[in-house]
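For the working numbering, count along the sequence shown from 1 and bump the result up by 274. Taking it in order: structure first as C-alpha cells, then the write-up.
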Amino acid sequence: MTGPGTGESAERLPAALRTEALEQLLTERGLIDPQVMDGLIATYETGVGPLNGAKVVARAWTDPGYRRRLLGDGTAAIRELGFGGFQGEHIVVVENTATTHNVVVCTLCSCYPWPVLGLPPSWYKNPAYRARVVREPRAVLSELGLELADDVRITVRDSTSEVRWLVLPERPAGTEHLSEEELVPLVTRDSMVGVARAEAP
Numbered sequence: 275m276t277g278p279g280t281g282e283s284a285e286r287l288p289a290a291l292r293t294e295a296l297e298q299l300l301t302e303r304g305l306i307d308p309q310v311m312d313g314l315i316a317t318y319e320t321g322v323g324p325l326n327g328a329k330v331v332a333r334a335w336t337d338p339g340y341r342r343r344l345l346g347d348g349t350a351a352i353r354e355l356g357f358g359g360f361q362g363e364h365i366v367v368v369e370n371t372a373t374t375h376n377v378v379v380c381t382l383c384s385c386y387p388w389p390v391l392g393l394p395p396s397w398y399k400n401p402a403y404r405a406r407v408v409r410e411p412r413a414v415l416s417e418l419g420l421e422l423a424d425d426v427r428i429t430v431r432d433s434t435s436e437v438r439w440l441v442l443p444e445r446p447a448g449t450e451h452l453s454e455e456e457l458v459p460l461v462t463r464d465s466m467v468g469v470a471r472a473e474a475p
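Structure (C-alpha cells):
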C-alpha cells in the first residue's frame, strides 16, 4: 500500500496521462476553459489546503475557548477563521489524546474536508487503505510509520457526503512556549487525518 512519505509517481503516471488527455479533449470541444481549471486547481492546492487546517489546530491549541467551540461545532468554529464552503458544509472535529486516537477514512469514495485539508492525497483514495484501516487500523497505522501503544484506543471515523471528519492532533510536548503562529508549521495534513502525529520541531 502506498502512503505518506513514499514514492507515488509511478502509480500516478497512468492517471496523470489519462487526465491530461481528457482535459485536452474537453478543451478542444469547448466544454472547459483551461484557465478556469488552472485557477480552481491552484485554489485547492494553495488557497484551500492543509495550511488552513493547521491554523485551526494551532488556534485550538492556544485558545481553550476556541477549542471548546471547535469540538462542539466544528463547522461554525472553522468558519470563524474564514474557512468553509464546498466540501466543508458539515465538519465534525475529534481530538486525539494520550489514550484515544482517531483516524479518518472514507469507505465509499474519498469524502474529505477540502476547505481545511485541500485535495485528498492518492493514498487516502486507495482501495487498500479504505478497506484495511477499518479492519486493522493499528496495523495500517504502523505501516504508515505511526506506532501506538497497545492501551491506546483507536476509533475509525468514516467520512460521508453528509459528515466530514477532522482530527485535532495532540499538541507535541515541549511546545508550550511557542506562539500560535509558531505552532502552525508543526501541523501536517496527515496528523489531521490521524495517520501521523504532530511533531515538535
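Ideal Cβ placement from N, Cα and C applies to all residues, glycine included. Every value quoted in this text rests on a predicted model; they were computed, and no experiment measured them.
Pick from the options that is closest to residue i, judged by C-alpha positions
i      : options                        : result
Leu442 : Val378, Asp312, Met311         : Val378
Val414 : Arg341, Leu314, Leu452, Gly468 : Gly468
Val430 : Val407, Asp424, Glu297, Ser416 : Val407
Glu541 : Ile428, Tyr398, Ser396, Asn400 : The shown model of the chain, from 275 to 475, leaves out residue 541, and the question about it has no answer.
Ala470 : His451, Glu444, Glu456         : Glu444
Tyr386 : Asp424, Ala405, Ala372, Val366 : Val366
Leu422 : Cys380, Arg404, Asn370         : Asn370
Glu417 : Asp424, Tyr403, Val426         : Tyr403
Gly327 : Asn376, Leu296, Gly362, Asp307 : Gly362
Ser433 : Arg412, Ala295, Leu420, Lys399 : Lys399
Phe357 : Asn376, Val330, Asp347         : Val330
Same chain only: Cβ atoms within 6 Å of residue i, ignoring 5 sequence neighbours per side
i      : result
His364 : Thr349, Val437
Cβ neighbour criterion (16 or more within 10 Å) applied to residue i
i      : result
Thr374 : exposed
Cys383 : exposed
Gly359 : exposed
Gln298 : exposed
Pro338 : exposed
Val310 : exposed
Same chain, Cβ closer than 7 Å to residue i, neighbours up to 5 away in sequence not counted
i      : result
Pro475 : Leu460
Glu454 : Ala332, Arg333, Thr336
Glu473 : Pro446, Leu460
Glu354 : none
Whole-number beta carbon distance between residue j and residue i, since they are thought to touch under 8 Å
i      : j      : result
Leu457 : Thr449 : 6 Å
Proximal residues to residue i (C-beta, below 8 Å), its chain only, five neighbours per side dropped
i      : result
Arg343 : Ala350, Ala351, Glu354
Leu420 : Val469, Ala470, Arg471
Evaluate the contact criterion for the region 457–472 versus the region 378–391: three or more CB pairs, one atom per stretch, below 8 Å. Verdict: yes, contact present.
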